[in-house]
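Please read the structure below before turning to the comments.
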Amino acid sequence: MNTPHQAGKQGRGRYPLARQFPTPGPLITLAYRELDIALNSDDAHRKAIGDLSTLPRPWDPGSIEDPPMRTELWDWLEAVVDWVNTEHVWDPAYLVPPCWPAHPHLVHEIAVLADQRHTAGQDMDSDALEEWHRYALPAFFDRRRTRLRTACDSRHHDWPARPAHIRFQGAHDQRAQHYVADVDHHRRLLQPVDQTQRAPRLQVVDGHRVDLETGEIR
5 MNTPHQAGKQ
15 GRGRYPLARQ
25 FPTPGPLITL
35 AYRELDIALN
45 SDDAHRKAIG
55 DLSTLPRPWD
65 PGSIEDPPMR
75 TELWDWLEAV
85 VDWVNTEHVW
95 DPAYLVPPCW
105 PAHPHLVHEI
115 AVLADQRHTA
125 GQDMDSDALE
135 EWHRYALPAF
145 FDRRRTRLRT
155 ACDSRHHDWP
165 ARPAHIRFQG
175 AHDQRAQHYV
185 ADVDHHRRLL
195 QPVDQTQRAP
205 RLQVVDGHRV
215 DLETGEIR
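Shown next as structure tokens:
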């Protein structure tokens, strides 16, 4: 039987029993501070930070364009993935694979998972953290297994949908034709009807043709 000391040499270290959640760098922390101002402060403070719609959002990597801040984001998410794999994974089927940056869907999901855990850890009670443990983390693990299955368990596999996506991109012009035709159709529907060009609505009554709108007999 392994002693506690021997067991600690296998896999993760025995101590500490619970590792602290990784702290984001100063630029990501600043982004969170500005988002908090946008959400909770008065108009004067909101105005001071500029256009709120352009604020970088750490849970949405595409919203961060500043290179130093993006560098911090990747460093933080790298630490978060290591923390999740170390602190929350027992079955290897749930491990986030080392090639996760090569899978855009994992990049997006890990950013949200990290943000929600970071936010929950800032609260003054455990309610949000309980929600993260009960819903966010298991849902992430389930989606990871569903989408990757065992594709990257032993080595990274290229994107299976790449050939189909190349075909999708190549058919852009055909799709654009449908978009233009649909818009033109609705534009014609909105054009006013020229009453002088409308054909009269006629009906035969007792051998005479009667205009149903004017009552004129023709």
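If you're matching positions, the sequence shown starts at 5 in our numbering and goes up one per residue.
Cβ atoms here follow ideal geometry from the backbone N, Cα and C, with glycine treated the same way.
Just the Cα atoms here: how many angstroms apart are MET5 and ASP157? Residue placement at MET5 is flagged as unreliable, the pLDDT there being 41, under the threshold of 50; the coordinate-derived value follows with that caveat. Straight-line Cα distance between these residues: approximately 29 Å.
Give the straight-line distance between the Cα atoms of ARG148 and VAL100, rounded to the nearest whole angstrom. Annotation: ARG148 to VAL100 spans about 8 Å, alpha carbon to alpha carbon.
For GLY125, the first and last residue of its enclosing alpha helix (DSSP H): Run containing GLY125: 108–126, per the alpha helix (DSSP H) assignment.
Can you round the beta-carbon distance between PRO60 and ILE53 to whole angstroms, since I take them to be within the 8 Å contact cut? The pair is not a contact, with the Cβ atoms about 11 Å apart (cut-off 8 Å).
Apart from the five residues on each side of it in sequence, which residues of its chain come closer than 8 Å, Cβ to Cβ, to LEU39? These residues qualify, in order along the chain: LEU59, ARG61.
Inter-residue spacing [alpha-carbon to alpha-carbon] between LEU137 and PHE25: First, the amino acid is wrong: residue 137 is His here, not Leu. So the alpha carbons of these two residues sit roughly 13 Å apart.
Pairing CB atoms from the stretch 120–135 with CB atoms from the stretch 22–37, are three or more of them under 8 Å? The stretch 120–135 makes contact with the stretch 22–37: 3 or more CB pairs, one atom from each, lie closer than 8 Å.
Whole-Å CB distance - TRP80 paired with PRO164, under 8 Å assumed: Rounded, the Cβ-Cβ distance is 29 Å, inconsistent with contact.
May I ask you to verify whether the stretch 100–111 touches the stretch 82–92, counting CB pairs closer than 8 Å and requiring at least 3? With the cut-off at 8 Å, the stretch 100–111 and the stretch 82–92 touch.
Look at the alpha carbon of HIS49 and the alpha carbon of SER57, and state the distance between them as a whole number of angstroms. So the alpha carbons of these two residues sit roughly 15 Å apart.
THR27 - DSSP class collapsed to helix/strand/coil: Reduced to three states, the DSSP call for THR27 is coil.
Using three-state DSSP, classify TYR22 as helix, strand or coil. Position check: residue 22 holds Ala in this sequence, whereas Tyr was assumed. In the displayed model, ALA22 falls within coil according to three-state DSSP, outside both helix and strand.
Helix, strand or coil: how does DSSP classify ARG148 here? If DSSP states are grouped into helix, strand and coil, ARG148 belongs with the helices.
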